[in-house]
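Notes to accompany the following structure.
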Amino acid sequence: MSWQFDNERPIYTQLLEKIRILIISGQYAPGSRLPSVRELASEAAVNPNTMQRALAELEQSGLIYSQRTSGRYVTEDKIMISSIRESIAQEKIHSFYEEMKHLGYSREEVMNLLNKDKGGSST
Amino acid sequence: MNTILECSHVSKRFGKKTVLQDVNIQIEPGHIIGLLGPNGSGKTTLIKLSCGLLTPSEGDIRILGKPVDPSGKLKIAYLPDKNSLSDWMQVSQIVDMFHDFYSNFDRGKAYEMLKRLDIDPKLKLKTLSKGTREKVQLILVMSRNADLYLLDEPVGGVDPAARDYILQTILTNYNEEGSILISTHLIADVEQMLDRVIFLKEGRVVLDSSVDDIRTQNRKSVDELFREVFTC
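Same order as they appear, the protein sequences are chains A and B. Using the numbering used here, you'd call the opening residue of the first sequence number 1 and step up by one each time. Using the numbering used here, you'd call the opening residue of the second sequence number 1001 and step up by one each time.
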């Protein structure tokens, strides 16, 4: 199953975000080896050069590192992973509040609603 | 790095009709490039010129720095837009023929792909559906270890599920040092596997840009941009 992309943004940014989420959610564990560029490109059904570019940017950010001969690995720095995780969560919360503001809710009303929500759907 | 395909100032006329006008294209190794344009824009003609089936009226075409000649054809794997195989042959016979004909043909790879696409090599070509025949043709082309793959409408006749598999097949089987030129109008399906796209309009190159540059600059997909450029 190939990955889905939206139309307005470059494909490599979307690949980068997707892999980042796979890392911060623990599906690619800290210190584990990533599949090769070719494998990842094939899984996502994208051009290997585009995948290469996404991985290169992730490498720059320090979230992954490459070992000359044996491929790319997820960082072992768990503090870094959790801080990235938190900043992404904050972004999501921020845009959620913005949307609620659009609907005419104040912050307190949103909090009340959140508390009322019993978490029926955990997704 | 060696340029795989270079067209400089290429024009092609059929009688009085100009089909291509001053086309300049360079393809570097390791790239997958989409050749996009509406019907009659010159896509097939450009591909046929690139593999030496036609000769340009003006201009120069080089493959790995050399003019297209019979000895150079081994470097090119060409998928025609029409069925070019003999109907009465079994799939396995055609595989054998390709193996005899092209020294860079990998028979094992061909059988592996046939198996994965669930095509019985014992069947005769005439008993296969149009879509399955297209798959066989593509398998034959992708089983060659070529420098330049010229694919003219590789997924036009197959269903969406098989299309995904075929695109995967192209992605996983091309020679990494080589390049692929794909002509198609099913842009949305191939967009994410392309490095770069070339838009042809009435025989001229009107756009030559990387996919992510197009998305960054226009905030829209190549498919959407195409609909805008070629609005009827």
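By construction, the Cβ of each residue, glycine as well, lies at the ideal position given by its N, Cα and C atoms.
(request) Kindly give me the distance between the Cβ atoms of B:Leu1148 and B:Ile1076, rounded to whole angstroms, as I take these residues to be in contact under 8 Å. (result) At roughly 5 Å, the Cβ-Cβ gap stays under 8 Å, so B:Leu1148 and B:Ile1076 are in contact.
(request) Scan the segment 31 to 48 of chain A for residues whose Cβ lies nearer than 7 Å to a Cβ of chain B and list them as they occur along the chain. (result) For the segment 31 to 48 of chain A, the set of residues with a beta-carbon nearer than 7 Å to any beta-carbon of chain B comprises Ala41, Ser42, Ala45, Val46, Asn47, in chain order.
(request) Would you decide whether A:Met111 is buried or exposed? Buried here means 16 or more other CB atoms lie within 10 Å of its CB. (result) Counting the other CB atoms within 10 Å of its CB gives A:Met111 a total below 16, which places it among the exposed residues.
(message) According to DSSP, simplified to helix, strand and coil, what is A:Asn47?
(response) Under the three-state reduction of DSSP output, A:Asn47 falls in the coil class, being neither helix nor strand.
(request) Give a yes or no on contact between the segment 1218 to 1229 of chain B and the segment 1120 to 1131 of chain B, applying the rule of three or more CB pairs nearer than 8 Å. (result) No: fewer than three Cβ pairs fall under 8 Å.
(message) Run through chain A and tell me which residues come within less than 7 Å of B:Thr1216, C-beta to C-beta.
(response) Those within 7 Å of B:Thr1216 in chain A are Pro10.
(request) Could you tell me if B:Leu1194 is buried or exposed, where buried requires 16 or more neighbouring beta carbons within 10 angstroms of its beta carbon? (result) Buried, since its Cβ has 16 or more Cβ neighbours within 10 Å.
(request) Just mark A:Asn4 as buried or exposed, buried being the case when its beta carbon has 16 or more other beta carbons within 10 Å. (result) Reading the sequence as shown, one finds Gln at residue 4 of chain A and not Asn. Classification for A:Gln4: exposed.
(request) For A:Thr69, decide whether its Cβ has a neighbour in chain B, counting only Cβ atoms nearer than 8 Å. (result) It does not; no Cβ of chain B falls within 8 Å.
(request) State yes or no: is the C-beta of B:Thr1045 within less than 8 Å of the C-beta of B:Leu1020? (result) Yes, they are a contact pair.
(request) Output the distance between the C-alpha atoms of B:Ile1094 and B:Leu1085, rounded to the nearest integer angstrom. (result) The C-alpha of B:Ile1094 lies about 8 Å from the C-alpha of B:Leu1085.
(request) Assign B:Pro1160 to one of two classes, buried (16 or more other C-beta atoms within 10 Å of its C-beta) or exposed (fewer than that). (result) So B:Pro1160 ends up on the exposed side.
(request) Taking only the alpha-carbon atoms, compute the straight-line gap between B:Ile1182 and A:Glu108 and give it to the nearest angstrom. (result) Spanning the two alpha carbons is a distance of roughly 56 Å.
(request) Please go through the same chain and pick out, in chain order, the residues whose beta-carbon is closer than 7 Å to the beta-carbon of B:Glu1264, but skip the five residues on each side of it. (result) Because chain B here runs from 1001 to 1232, residue 1264 of chain B falls outside it and cannot be looked at.
(request) Label A:Thr123 either buried or exposed according to how many other C-beta atoms from any shown protein chain fall within 10 Å of its C-beta, with 16 as the threshold for buried. (result) Annotation note: pLDDT 47 at A:Thr123 (below 50); position unreliable, coordinate value reported separately. Taking a 10 Å sphere around the C-beta of A:Thr123, we find fewer than 16 other C-beta atoms and assign the residue as exposed.
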